[in-house]
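Engineer: Heads up: take any position in the sequence shown, counting from 1, add 48, and you land on the numbering used here.
Don't be surprised by glycine CBs; every beta carbon is placed ideally from N, CA and C.
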Amino acid sequence: MQALKLKCTNTMATFIPSISATRVAGVCGLHKYQKVDEVFYELFCKDKVVAPKIREVEMRLGLRSFASLKDEVFKDANIRQVVYSALDAAKSGNVAAALEDVEVQSRMVLNMRYANLGETVLNQLVSEARGEVSKKRGLNNEDKILNTYEADNNVQVVERNTKNLKMDFPTFKLAGRTDGWVAAHNRIVDSKDRTRFFPEVPIYDEIQLRVYMRMSGATEAELIERFPHSPTRTTKFLNDPVQWAVIENSITAAVVKMNQILESPTDLERVVRANTVRNGGAMQ
C-alpha cells in the first residue's frame, strides 16, 4: 500500500502523510523529545513523491540528513561497544550511572574519530547514543514487564508487538503496532521501562495510547510504567471521542502546515537545514 494519496488542486498535489502513532504527539508539537520540524522532515522523506524534492534541496545546498550521518557513525565498532556495555551495566539496576557512562565514553570516541563534524553535531550524537541505550533497554525488558502485568492482574496479554493497526482520515493516515492486547477487556496495553521517575504520565504517551484506541476500537488502554527505584505504576485511559476530536483537529492543522511548507521554498529549506549537516562538515 502506498504511504500517501494524491488529490489534484490548482497548485500541486496535496500531501497526505502516513503518521506512526509514536509520531503523532510530535506532529502536534507535544513531544518533549521530538521537534516538530524533525517529524515533518521525517514524513516528507518517507513519501515517494515528496522525498525527491527533499533530496533536490539537499543536493543544491550540499547537505545530507543527520539521520544518515548517525547511521554511518553508529556502525563504528567503538560506538557499538559503548552502547552494549551501557546496556549490560544498566542490568545491575544503576540506570542513571550507565547513561552517564555512555555519554562520557561516546563523547570520547566521537572527539577522537569524528572531531571534524563540529561540537554541535557531536553533542547531538552523544544524545543519540544515550537515547539508543534507553530504547534498546526498553525493548529488551518489554516482555518481562508484560509477564509481570499478566500475573498481577490475572489476564493474558496476546498479540505482543504483532497487532498492526491502520486507519485512513480525509487528510492523513495513521499506523502503529501495540505492545499487547487484553482481549477479555478489549484493552490495549503499552509498557515503558523508564530510566527515571515521572510524577505523571507524559502527554505524548497518552496521545499515543489514544491513537491506538481510535484505530483499534479498544474500550480502554493501560500504560505500565516501570521505574528504577519506585513501584511500577499502571494508568488506565478510556476511549473518549471528545479527547480524540482534540487530537484529530491538531493533526489536521499540522497537515495543513506541512502542505504550506511544501508550497514555500523558503520554509522547506528551513526544515531541511534543521535536519541536515554539511557533507563532511558541521550541522546547519
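Distance, Cα to Cα, Y89 vs K83?
Structural biologist: Y89 and K83: Cα-Cα distance of roughly 10 angstroms.
Engineer: Look up T283 in the DSSP assignment and say whether it is helix, strand or coil.
Structural biologist: If DSSP states are grouped into helix, strand and coil, T283 belongs with the strands.
Engineer: Between the Cα of K96 and those of S66, D216, I193, spot the shortest distance and give me the residue it belongs to.
Structural biologist: It is S66 whose Cα lies nearest to the Cα of K96.
Engineer: Have a look at N58 and V98 and give me their C-alpha separation to the nearest angstrom.
Structural biologist: For N58, the pLDDT reaches just 42, beneath the cut-off of 50, and the residue's location in the model is therefore unreliable, although a value from the coordinates is still provided. Approximately 18 angstroms, taken between the alpha carbons.
Engineer: Let me confirm a value: V320 is counted as buried when at least 16 other C-beta atoms fall within 10 Å, else exposed. Which label applies?
Structural biologist: Looking at its Cβ environment, which holds 16 or more other Cβ atoms inside 10 Å, V320 is buried.
Engineer: Have a look at L54 and T62 and give me their C-alpha separation to the nearest angstrom.
Structural biologist: Unreliable placement is indicated for L54, whose pLDDT of 41 sits below 50; no coordinate value is reported for it.
Engineer: Any idea if A145 is buried or exposed, counting beta-carbon neighbours within 10 angstroms, 16 or more meaning buried?
Structural biologist: So A145 ends up on the exposed side.
Engineer: Go ahead and pull the three-state DSSP assignment for S312.
Structural biologist: Here S312 sits in coil by DSSP.
Engineer: Considering only their Cβ atoms, is the gap separating I295 from Y197 smaller than 8 angstroms?
Structural biologist: The answer is no: Cβ separation not under 8 angstroms.
Engineer: Would you list, in sequence order, the uninterrupted beta strand (DSSP E) runs of no fewer than 3 residues that lie entirely inside the stretch 230-265?
Structural biologist: You should have 235-241.
Engineer: Under a Cβ-count criterion, where at least 16 other Cβ atoms within 10 Å of its own Cβ denotes burial, should D288 be classed as buried or exposed?
Structural biologist: The residue in question, D288, is exposed, as its Cβ has fewer than 16 Cβ neighbours within 10 Å.
Engineer: Please list the segments of the alpha helix (DSSP H) lying wholly inside the stretch 102-135, counting only runs of 4 or more residues, in order along the chain.
Structural biologist: If we require 4 residues or more, the alpha helix (DSSP H) runs fully inside the stretch 102-135 come out as 114-121.
Engineer: Measuring straight from C-alpha to C-alpha, what distance separates C56 and Q308?
Structural biologist: Legend: pLDDT at C56 = 39, less than 50; position of this residue unreliable, value from coordinates given subsequently. Looking at the two C-alpha atoms, the distance is approximately 15 angstroms.
Engineer: So, are the CB atoms of A199 and I236 less than 8 angstroms apart?
Structural biologist: No. Outside cutoff.
Engineer: So what does DSSP say about S68, is it helix, strand or coil?
Structural biologist: DSSP places S68 in strand when its eight states are reduced to three.
Engineer: Skipping 5 residues on each side, what residues in its chain have a beta carbon closer than 6 angstroms to that of R262?
Structural biologist: Closer than 6 angstroms at Cβ, skipping near neighbours: W292.
Engineer: Quick one: what does DSSP say A99 is sitting in, helix, strand or coil?
Structural biologist: Correct three-state label for A99: helix.
Engineer: Grab me the residues of G186's own chain with a C-beta within less than 6 angstroms of its C-beta, minus the 5 sequence neighbours each way, in chain order.
Structural biologist: Within the same chain, G186 has close Cβ partners D241.
Engineer: Between the Cα of S298 and the Cα atoms of D149, F220, E270, N164, which residue gives the shortest distance?
Structural biologist: When only C-alpha atoms are compared, the closest one is F220.
Engineer: Cutting at 8 angstroms between CB atoms, please list the residues of its own chain near V181, excluding the five before and the five after it.
Structural biologist: V131, A134, L135, A138, A146, L147, V150.
Engineer: Could you say which of D315, T314, N234, V325 lies nearest to K284 if we only look at CA atoms?
Structural biologist: Among D315, T314, N234, V325, the Cα nearest to that of K284 belongs to N234.
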